[in-house]
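Reading through the structure tokens given below for one structure.
Residue numbers (my numbering): 1 to 196.
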């Protein structure tokens, strides 16, 4: 979503979009219904009960601080064997723990900005900005894992039908954390768009 807004407001600034474990606008209720419980709970709340979302996110952040990053990640991604095994690789685990120190710090409140971003993502229409990408002939690559708790395989199939101009690389052995598992493939795609 952020990339589509950047393209809209700063045409010519971005040469391509690579979305690793990304998503398009959730345009049908079934898209929420297919998600795993945590993702469905948070994203559907952002869409249908946005005033309640900040309180739920704040509670989630409190839970994460209480049970730790590992416990929280296992709770949220427990149904994705690929995401759990990726997360448990020592280098990936270290990156997550280090990267989330500020997010889950007791003296920080990242929950407010996280809630605002989700409400904007789920309650404002940005499909028009997605369609602008096709009209601008901007290359868009989706690197997706079939074990994603957020983008179900049926939703991914919908993307491929609805947005045929988007290049999809689909991996059976990955979930939402696909970049940490297949980063070499992502960098290979990225190299096509780097200045010579």
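Heads up, the beta-carbon is just placed ideally off N, CA and C, and yes, glycines get one too.
#### Entry: Beta-carbon separation (whole angstroms), residue 126 vs residue 4, contact threshold 8 Å
In the chain shown, the residue the question calls residue 126 occupies position 126. In the chain shown, the residue the question calls residue 4 occupies position 4. Right, their Cβ atoms sit about 6 Å apart.
### Task
Confirm, please, whether the CB-CB distance from residue 97 to residue 69 is below 7 Å.
Stepping through the chain shown from its first residue, residue 69 is reached at position 69. Stepping through the chain shown from its first residue, residue 97 is reached at position 97. Yes, these two residues count as a Cβ contact at 7 Å.
### Message
Looking only at its chain, what residues have a beta carbon closer than 8 Å to the beta carbon of residue 78, apart from the 5 residues adjacent to it on each side?
### Response
Residue numbering aside, residue 78 sits at position 78 when the chain shown is read from its first letter. Here the set comprises 84.
### Message
Residues in the same chain with beta-carbon distance under 8 Å from residue 52, minus the five sequence neighbours each way, listed in chain order, please.
### Response
Residue numbering aside, residue 52 sits at position 52 when the chain shown is read from its first letter. Answer for residue 52: 45, listed in chain order.
### Query
How many angstroms separate the CA atom of residue 61 from the CA atom of residue 99?
As a first step, residue 61 is located in the chain shown; it is residue number 61 there, counting from the start. As a first step, residue 99 is located in the chain shown; it is residue number 99 there, counting from the start. So the alpha carbons of these two residues sit roughly 15 Å apart.
### Query
To which residues does DSSP link residue 171 through a beta bridge?
Stepping through the chain shown from its first residue, residue 171 is reached at position 171. Beta-bridge partners of residue 171 (DSSP): 145.
### Task
Could you check the C-alpha separation between residue 54 and residue 115 for me, to the nearest Å?
Stepping through the chain shown from its first residue, residue 54 is reached at position 54. Stepping through the chain shown from its first residue, residue 115 is reached at position 115. So the alpha carbons of these two residues sit roughly 5 Å apart.
### Message
Check whether the stretch 106-115 and the stretch 141-158 touch, using three or more Cβ-Cβ pairs below 8 Å as the test.
### Response
no
### Sequence-distant residues of its chain with Cβ nearer than 6 Å to residue 141 (five each side left out)
The residue labelled residue 141 in the question sits at position 141 within the chain shown. For residue 141, the CB contacts under 6 Å within the same chain, skipping 5 residues up- and downstream, are 18, 167, 189 in chain order.
### Which of helix, strand or coil DSSP assigns to residue 19
For this step, residue 19 is matched to residue 19 along the chain shown. Reduced to three states, the DSSP call for residue 19 is strand.
#### Entry: residue 103 versus residue 157 - alpha carbon distance
Indexing the chain shown from 1 puts residue 103 at position 103. Indexing the chain shown from 1 puts residue 157 at position 157. About 33 Å.
### Query
For the alpha helix (DSSP H) that contains residue 56, what are its first and last residues?
Walking along the chain shown from the start, residue 56 turns up at place 56. Per DSSP, residue 56 belongs to the alpha helix (DSSP H) from 53-77.
### Message
DSSP three-state label for residue 7, please.
### Response
Taking the chain shown and counting its residues from 1, the one referred to as residue 7 is at position 7. Reduced to three states, the DSSP call for residue 7 is helix.
### Query
Helix or strand or just coil, what does DSSP make of residue 151?
As a first step, residue 151 must be located in the chain shown, where it is residue number 151. If DSSP states are grouped into helix, strand and coil, residue 151 belongs with coil.
### Query
Residue range of the alpha helix (DSSP H) that residue 183 falls in?
Residue numbering aside, residue 183 sits at position 183 when the chain shown is read from its first letter. Run containing residue 183: 183-191, per the alpha helix (DSSP H) assignment.
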